[in-house]
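Below is one structure, written out as C-alpha cells; the observations come after it.
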Amino acid sequence: MTNAEAIELIVKTMELLDVEIDYLKVNGKNCKHQSMKLWFEEKKAIYEVKRLLHEIGQYDKYNEAETDQIIQGYLAQSATISV
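Right, dumping it as C-alpha cells:
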C-alpha cells in the first residue's frame, strides 16, 4: 500500500465516523447506550487509522490484540444494556 492509498483510506475512515456520529445524534434513544456506541465508533476509527499507518511503516505501536480486546469489551458491555 502506498502512502497516498493509506491517506485515502484514512479519509474514508474519518468520513464513516462522521456519518456514524451524525446517525447517533439523530437516532439516539438510550443515553448510556448512545454514549457507549459513540465511544466505540471513535475507538474503532482510531485503531483503523493506527492500522493503516502501521501498514505503511509510519506507526510502530499498533497492536491488533488491543483492538480485539476493545471490540470484545464493547460487545460484552452492550449485551448488558437493555435498549
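Throughout the sequence shown, residue numbering follows the numbering used here, covering 8 to 90 in sequence.
Every residue gets a Cβ at the ideal spot worked out from N, C-alpha and C, and that includes glycine.
In this structure ILE77 touches LYS50 by the C-beta definition: roughly 5 Å separates them, less than 8 Å. LYS19 is not a Cβ neighbour of LEU31, given a cutoff of 8 Å.
Per DSSP, reduced to three states, the secondary structure at TYR81 is helical. In the DSSP assignment, MET43 falls within the alpha helix (DSSP H) that extends over 38 to 62. Of LYS39, MET21, VAL33, the smallest CA-CA separation from ALA86 is found for LYS39. With a threshold of 16 other beta carbon atoms within 10 Å, ALA83 falls short and is exposed. Within the same chain, THR20 come within 7 Å of GLU55 by CB-CB distance, once the 5 residues on both sides are set aside. Counting along the chain, the unbroken alpha helix (DSSP H) around ASP25 starts and ends at 10 to 34.
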